[in-house]
C-alpha cells in the first residue's frame with residue numbers, strides 16, 4: 001500500500017492539539033476563551049510570480065485571502081490592529097496563514113515584520129516564504145558554501161519521507177521540473193543543506209548538479225516559536241513543478257482546514273460518433289466536402305470508425321478505468337445503412353458496448369445550426385436576405401436535430417442523459433467573425449427540449465453563460481485534427497498551419513497574434529510522436545493539474561485508422577498515475593456534473609469575493625456563515641463531521657466537497673478530536689502548542705466510484 005509513512009502513532013486528537021489549535025497569547029489567563037482564527041490567508045506580494053502563483057491557487061480553490069501589494073503607495077500598513085482584534089470578548093486572529101514573497105521583504109528593523117513575527121508566535125500562524133534565498137536566517141546554509149545556485153531545468157526532484165508523511169503525501173514522490181526549451185531558462189533555484197543545529201525538515205529535495213548530495217527546494221523551519229515553509233526555487237502558476245506542489249503548500253499553511261476545495265479532473269468527449277469525418281487532402285491543403293475547400297474542389301474521402309475500432313475503444317476504456325463520452329449523431333448510422341444495404345457493423349458494436357461509454361446528444365445529422373452559410377467563397381460568410389439581415393437556421397430545424405437524435409437513441413437503447421447537448425461545431429452559438437450573436441432560435445429550442453447543459457468551444461467561448469434553459473460547458477479542443485485518421489495527415493496539416501509561407505506553409509502562424517511558427521516543418525515519420533504528442537500531452541495535463549474540470553474533445557476519426565488520439569490520452573493518464581498517489585485519483589465526470597461544478601464554483605467565488613462568506617475556527621470547531629442555498633465549499637482534516645455525518649469525501653489525504661448548509665444560520669463542523677465541536681478551551685485549559693513538524697492524518701481510501709488510471713492491458 002502506498003504512503004504508509006502517512007500513518008502516525010499519534011492519535012488524531014493529540015495531533016490537532018499539538019499542531020493545529022491556535023495558541024492563546026502568553027499573557028492571557030488560562031480561563032480566558034480560546035482565540036478565534038478566521039479562515040482567511042494574508043498574501044503579501046512584491047509583484048513577483050511566486051506570490052501570484054499561490055494567490056492563483058487560492059483563487060482556483062475558492063479560498064479567501066487578503067492581498068497586500070508592497071509596490072502600492074496606498075496599501076494598508078501591517079500592524080497589530082491589521083492582524084488581530086477582539087470579537088464578542090474573544091481574541092481574533094484575522095488570518096490563518098501568512099504568505100510573504102521571501103523571508104525578509106521589509107527593511108531591517110521594520111515594524112511591520114515585527115508585528116507579523118509577534119502575530120505568528122501568539123496565534124501559531126504559519127508563514128510561507130514563497131521564493132527565498134537560502135541563508136541561515138531561514139535555516140539553510142548559503143548555497144555558495146557547498147550548495148548550488150542556478151538552473152534546475154529538467155531536474156527530477158523528490159518528495160522526502162517527511163514530505164510524504166506530511167503535506168506532500170498525495171504525490172508518489174517524483175517532482176519533475178519542466179525543460180520545454182533548450183534555449184530558455186525556465187527554473188532557477190538555491191540548493192543547500194540545513195544549517196547545523198537548525199530545526200529544519202526538508203520536504204522536497206533535488207540533486208545538486210556536479211555534486212553527490214541533494215539540496216532543499218521546500219522545507220519547514222521552526223524557530224523562535226514560529227513555523228516557516230521555505231521555498232528556494234522560482235516558479236509561476238503554470239509550471240508543472242508548482243502545480244504538483246501547490247496543494248501541499250496550501251495544506252501546510254492552512255493545516256488542512258480551509259474554505260474552498262479542489263480536485264484533478266479529466267474528461268474526454270469524442271464527437272461525431274456514428275457519423276463520418278471528411279479527410280484532409282495533402283495535395284490540395286484543404287478538406288474536400290468541408291467549407292475550407294472551394295466549392296466542388298476535390299473528392300470527399302470520409303473517415304469512420306470500424307467495429308474493430310469500437311472494440312479497441314471499449315477495451316481501452318476498461319483497461320484504463322476511464323470512461324469516454326461519445327457525442328453521437330444517429331443520422332450518421334441511418335445514412336450508412338442506406339448506403340450499405342442496411343449494414344452498419346460499427347454502430348452495432350457501439351450499441352452492444354454502450355455501457356462502456358457515456359452518451360451525449362450531438363444532433364441527429366450534424367448540420368450547422370447558426371446562420372445559413374454562404375460557402376461560395378473561402379472563408380464562408382452568413383447569408384443575408386434582401387434587406388441585408390442575417391438569415392438563421394430555423395427553430396423547427398434545431399428542434400428536429402435535438403429531438404430526432406434523442407428518439408433515435410431511445411430506439412437504439414443508448415443510456416442518454418436528455419439534458420446534455422453539443423451542437424455540430426458548437427453551432428448556433430456566436431462565432432467570430434462571421435456570426436457575432438447566437439442564433440436567436442437556439443435559446444427557445446433549448447428550453448422547449450429541456451436542455452440544461454450545452455457544449456461550447458473553450459477557445460472561442462470560455463465563460464459559462466446562460467442560453468435559454470441551458471448553461472454552457474466550455475470544452476478544450478485537443479490539437480489533433482478532426483479531419484485526420486492517419487499520422488501522415490495530421491503532420492501534413494500541422495505543417496500547413498504552423499509553418500511560414502517561405503517554408504511551404506499557409507503562413508497563418510505569421511498572421512495570427514496568438515500563434516507561433518515552427519522553426520522548420522515536422523518530419524513526416526517522427527513529427528507526430530516526437531513533437532505533437534508530447535506537446536498536446538503537456539497542454540492537457542496542465543489543465544488537469546490546474547484543477548480545471550472542463551472536458552477535452554476529439555473526434556471519432558481520431559479513434560479510427562491509425563488511432564492517433566490514444567498516444568495523447570495514454571500520455572496524460574500514465575503521467576498522472578506516475579505522479580500522484582492512489583488517494584488522489586483523476587475525477588472523470590459526465591458533462592452535466594462538470595457544468596454543475598463550474599456553476600457552483602462561480603457562485604462560491606462570487607460570494608467569497610463579495611464578502612458574503614465568513615468562517616472561523618475556535619479550538620476544534622469550525623463555523624461557516626454563507627448565503628442560504630449556497631453549498632459550502634471546504635477542505636478539512638479526515639474525520640471531520642457535520643452534525644452526525646462525515647463531512648465531504650476523501651481526496652488527497654483530506655476530506656472536502658460542497659455541502660449544503662442548514663438553510664439558515666451557520667454551519668458547524670467538528671474537527672477530529674472533538675466529538676461535539678465544543679469550545680474545550682473555555683474550560684480553562686489553555687493550549688499553547690510548540691511548533692512541530694507538520695503531519696498528515698492517516699491514509700484515507702479512494703472515494704467509491706472515482707476512476708484511478710492503471711497501466712493498460714493488452715491492446716488490439
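Residue numbers (our numbering): 1 to 716. No residue lacks a Cβ here, since even glycine has one placed at the ideal position from N, Cα and C. Just so you know, these numbers come straight off a predicted model, no measurement behind them.
Buried or exposed (CB count within 10 angstroms, at least 16 for buried), residue i
i: residue 511; result: exposed
i: residue 340; result: exposed
i: residue 499; result: buried
i: residue 656; result: buried
i: residue 180; result: exposed
i: residue 145; result: exposed
i: residue 284; result: exposed
i: residue 184; result: exposed
i: residue 91; result: buried
i: residue 165; result: buried
i: residue 220; result: buried
i: residue 575; result: buried
i: residue 108; result: exposed
i: residue 378; result: exposed
i: residue 251; result: buried
i: residue 445; result: buried
i: residue 619; result: buried
i: residue 673; result: buried
i: residue 601; result: buried
i: residue 410; result: exposed
i: residue 129; result: buried
i: residue 536; result: buried
Alpha carbon of residue i to alpha carbon of residue j, nearest angstrom
i: residue 454; j: residue 138; result: 52 Å
i: residue 294; j: residue 344; result: 31 Å
i: residue 724; j: residue 65; result: An answer regarding residue 724 cannot be provided, because it is not within the stretch 1 to 716 covered by the chain.
i: residue 49; j: residue 593; result: 33 Å
i: residue 111; j: residue 96; result: 20 Å
i: residue 60; j: residue 262; result: 8 Å
i: residue 361; j: residue 471; result: 15 Å
i: residue 67; j: residue 248; result: 20 Å
i: residue 274; j: residue 408; result: 12 Å
i: residue 530; j: residue 71; result: 44 Å
i: residue 509; j: residue 497; result: 7 Å
i: residue 464; j: residue 473; result: 6 Å
i: residue 548; j: residue 342; result: 43 Å
i: residue 577; j: residue 540; result: 14 Å
i: residue 659; j: residue 605; result: 15 Å
i: residue 526; j: residue 483; result: 20 Å
i: residue 198; j: residue 141; result: 10 Å
i: residue 241; j: residue 297; result: 49 Å
i: residue 259; j: residue 253; result: 13 Å
i: residue 420; j: residue 450; result: 9 Å
i: residue 543; j: residue 579; result: 15 Å
Sequence-distant residues of the same chain with beta carbon closer than 6 Å to residue i, five excluded per side
i: residue 69; result: 45, 75
i: residue 300; result: 278, 288, 289
i: residue 354; result: 414
i: residue 246; result: 57
i: residue 667; result: 624, 632, 661
i: residue 38; result: 94, 616
i: residue 336; result: 344
i: residue 286; result: 292, 293
Close beta carbons around residue i, own chain, < 7 Å, minus the five adjacent residues each side
i: residue 565; result: 480, 554, 558, 559
i: residue 132; result: 102, 103, 138, 230, 231, 232
i: residue 115; result: 78, 79, 80, 83
i: residue 113; result: 106
i: residue 256; result: 635, 636, 637, 654
i: residue 156; result: 174, 176
i: residue 349; result: 307, 310, 311
i: residue 487; result: 528, 562, 564
Chain-order list of residues whose beta-carbon lies under 8 Å from that of residue i (same chain, five-residue window excluded)
i: residue 329; result: 272, 273, 274, 275, 362, 363, 364, 365, 366, 405, 424
Chain D contact for residue i (CB, 9 Å cutoff)
i: residue 561; result: Although the question refers to chain D, the structure presented lacks it and comprises just one protein chain.
Does the contact criterion of 3 or more C-beta pairs under 8 Å hold for the region 428–438 versus the region 362–374? Flag = yes, the region 428–438 and the region 362–374 touch.
Given 8 Å as the limit, is there contact between the region 432–440 and the region 401–416, that is, 3 or more CB pairs closer than that? For the pair of segments examined, the region 432–440 was found not to touch the region 401–416: the number of CB pairs separated by less than 8 Å stays below three.
What ranges does the beta strand (DSSP E) occupy inside the region 435–486, keeping only unbroken runs of at least 3 residues that lie completely in it? 453–457, 470–477, all fully within the region 435–486.
Quick test of the definition: if touching needs 3 or more C-beta pairs under 8 Å, does the region 159–179 touch the region 200–207? Touching, per the Cβ criterion.
To test your reading of the DSSP string, which unbroken beta strand (DSSP E) runs of 3 or more residues are found completely within the region 397–424? Within the region 397–424, the complete beta strand (DSSP E) runs of at least 3 residues are 416–421.
Contact the region 78–86 vs the region 614–630: 3+ CB pairs below 8 Å: The answer is no - the region 614–630 does not touch the region 78–86, with fewer than three Cβ pairs under 8 Å.
Beta strand (DSSP E) runs wholly inside the region 552–600, at least 3 long, in chain order: Counting whole runs of 3 or more residues, the region 552–600 contains the beta strand (DSSP E) stretches 552–555.
Any chance you could list the beta strand (DSSP E) runs of at least 3 consecutive residues sitting entirely within the region 198–273, in chain order? DSSP runs (the beta strand (DSSP E)) wholly in the region 198–273: 200–207, 214–223, 226–231, 268–273.
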